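Peer 1: Got a structure for you, written out below as structure tokens; questions coming shortly.
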Amino acid sequence: MTQPPASASSNVHRAAAVGYTAHADSYVRGRPDYPPALAGWLTEQLGLGPGASVVDLGAGTGKFTLRLVQTGAQVFAVEPVDSMRAKLSAALPEVKALAGTAQSIPLADASVDAVVCAQSFHWFAGRAALDEIRRVLKPGGRLGLVWNMRDARVPWVAKLDAIVNRYEGDTPRYYTGAWRSAFPHAGFGPLVETHFGIGHTGAPEDVILNRVRSTSFIAALPEAEREDIERAVRQLIDDEPDLRGKSEVTVPYETAAFLAVRQ
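Reminder that position 135 of the sequence shown reads as 140 in our numbering, one-by-one numbering, no gaps.
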């Protein structure tokens, strides 16, 4: 079977298409990095290293792509939003950046050793995407799902989440767990779950405000509503002793990583 044509516009939720197109810069500045311990997970659990090949599916601006490059594997970055893909190509010119979606990956059958979805699987979780991921994976290939999420066990983080989440509408989110309904899937073995911790440290403008601005459904809102949200977030910062008047703060995150093997 020959490789299918990529479709960079179909099957992309409006919040992603509009929000990420308009606010790719906030995404770059506001998103946290990933824990160093994840490097071992990529090599030991996903089998990445020199001689291996991997797709970063829904690669965005390349925040996670760099982690894959550092394993020594050959990396293909698939991203449907043009402005995000352009930033990835500028930052990582050695990576082959491709226009495509989870339902139409522009690679041949059984051509890669692994597919990784970092901060992205909840957007396209379903049979069609898993069938397409299985198509491009070699037999025994690995699917990795990775998410960074704020640790809402910290009270002020829970308050921040409450401000943000009331605007989510029908936007797919990791925390709802709805993405899990895509499993079990006949083409894959069971999900194996691992968790890591990390803190995102920097100026509140970046690690709190730009992170909120980079949230897809927030970025897609009209300007007046975005300004209301920003006022609420600034008020939270002013009200919280752990944040008030600080030039540098740390937002606690938990990283969840999932592995499934192509059968």
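We treat Cβ as the ideally placed atom computed from N, Cα and C, and that holds for glycine. Computed from a prediction, not measured in an experiment: that's the story for all the values here.
(1) What runs of the alpha helix (DSSP H), each 4 residues or longer, lie entirely inside the segment 198 to 244?
(2) Are there 16 or more other CB atoms within 10 angstroms of the CB of Val2, so buried, or fewer, so exposed?
(3) In whole angstroms, what is the alpha-carbon distance linking His127 and Asp243?
(4) Count the other CB atoms, across all protein chains shown, that sit within 10 Å of the CB of Arg139; report buried if there are 16 or more and exposed otherwise.
(5) Would Val93 and Thr70 qualify as a contact pair, given that the criterion is a beta-carbon distance under 8 Å?
(6) Suppose contacts are defined by Cβ-Cβ distances below 8 Å. Is Val2 in contact with His205 by that definition?
(7) For Ser252, which residues from the same chain have a beta carbon less than 7 Å from its beta carbon, with the 5 sequence-adjacent residues on both sides left out?
(8) Any chance you could list the alpha helix (DSSP H) runs of at least 4 consecutive residues sitting entirely within the segment 128 to 202, in chain order?
(9) How close, in whole Å, do the beta carbons of Gly67 and Ala91 come, if the pair is a contact with beta carbons under 8 Å?
(10) Do Ala262 and Val151 come within 8 Å of each other at the CB atom, strictly closer than that value?
(11) Using 8 Å as the threshold, is the C-beta distance between Leu51 and Ile110 below it?
(12) Assuming the contact rule is C-beta atoms closer than 8 Å, Tyr172 and Ile223 should be a hit. Round their C-beta distance to whole Å, please.
(13) DSSP state of Lys92, grouped into three classes?
(14) DSSP three-state call for Leu97: helix, strand or coil?
(15) Mind reading off the beta-carbon distance from Ser221 to Thr176? Whole number of angstroms is fine, and I expect it under 8 Å.
(16) Report yes if the C-beta distance between Phe188 and Leu148 is below 8 Å; otherwise report no.
(17) Compute the beta-carbon to beta-carbon distance between Val120 and Val141, rounded to the nearest angstrom, for a pair I have assumed lies under 8 Å.
(18) Based on the DSSP secondary-structure assignment, which residues constitute the bridge partners of Leu71?
(19) Buried or exposed: where does Ala29 fall if 16 or more other Cβ atoms within 10 Å of its Cβ makes it buried?
(20) Classify Gly146 as buried or exposed, calling it buried when 16 or more other Cβ atoms lie within 10 Å of its own Cβ.
(21) In the DSSP assignment, what residue or residues form a beta bridge with Thr260?
(22) From Met154 to Glu235, what does the alpha carbon distance come to, in whole angstroms?
Peer 2: According to the structure data:
(1) 221 to 224, 228 to 244
(2) Residue coverage of the chain in this structure runs from 6 to 268, which leaves residue 2 outside it and unanswerable.
(3) 33 Å
(4) buried
(5) For the record, residue 93 in the displayed sequence is Leu; it is not Val. Going by C-beta atoms, Leu93 is nearer than 8 Å to Thr70.
(6) Absent from the model: residue 2. The displayed extent of the chain is 6 to 268, so no value can be given.
(7) Ala208
(8) 132 to 141, 160 to 170
(9) In fact, because the Cβ distance is near 10 Å, the residues do not count as touching under 8 Å.
(10) yes
(11) no
(12) 6 Å
(13) helix
(14) coil
(15) 6 Å
(16) no
(17) 7 Å
(18) In DSSP, Leu71 forms no bridge with anything.
(19) Because the pLDDT at Ala29 is just 49, under 50, the model does not fix this residue reliably, and the value given afterwards should be weighed accordingly. The residue is buried, with at least 16 neighbouring Cβ atoms inside 10 Å.
(20) buried
(21) Asn153, Phe201
(22) 20 Å
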